[in-house]
Amino acid sequence: MDKALALKEAGKALELLIVNQPNLFSSPNTVGNNHGAVLADYCHNFMEQYAKRLIARAE
259 MDKALALKEA GKALELLIVN QPNLFSSPNT VGNNHGAVLA DYCHNFMEQY AKRLIARAE
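Start counting the sequence shown at 259; every next residue gets the next number (the numbering used here).
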């Protein structure tokens, strides 16, 4: 599995997480002036880690 495909699949997984766990993104850790930055970092990190796991499983 190449990285582009893995990131696409990770994006789908992240979308499911957001839809099914909306309260995850309203925790005290993500509320405040930097809410957008924290959320963006979380999403980026989630997708990178998920993609790495998908690639590792495919090898």
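We treat Cβ as the ideally placed atom computed from N, Cα and C, and that holds for glycine.
Looking at the secondary structure, which residues open and close the alpha helix (DSSP H) in which residue i lies?
{"i": "N281", "result": "Per DSSP, N281 belongs to no alpha helix (DSSP H) and is neither H nor E."}
Mind checking residue i: buried by the 16 CB within 10 Å criterion, or exposed?
{"i": "A268", "result": "buried"}
{"i": "A316", "result": "exposed"}
{"i": "A295", "result": "exposed"}
{"i": "A262", "result": "exposed"}
Restricting to Cα atoms, I'd like to know which of the options is closest to residue i.
{"i": "I276", "options": "R311, A309 and C301", "result": "C301"}
{"i": "N303", "options": "D260, L272 and L263", "result": "L272"}
Output needed for residue i: all residues of its chain with C-beta closer than 7 Å, excluding positions within five of it in sequence on either side, in chain order.
{"i": "M259", "result": "L312, I313 and A316"}
Since I believe residue j is in contact with residue i (beta carbons under 8 Å), could you give me their beta-carbon distance rounded to a whole number of angstroms?
{"i": "M305", "j": "L274", "result": "No, M305 and L274 are not in contact; Cβ-Cβ is about 13 Å, not under 8 Å."}
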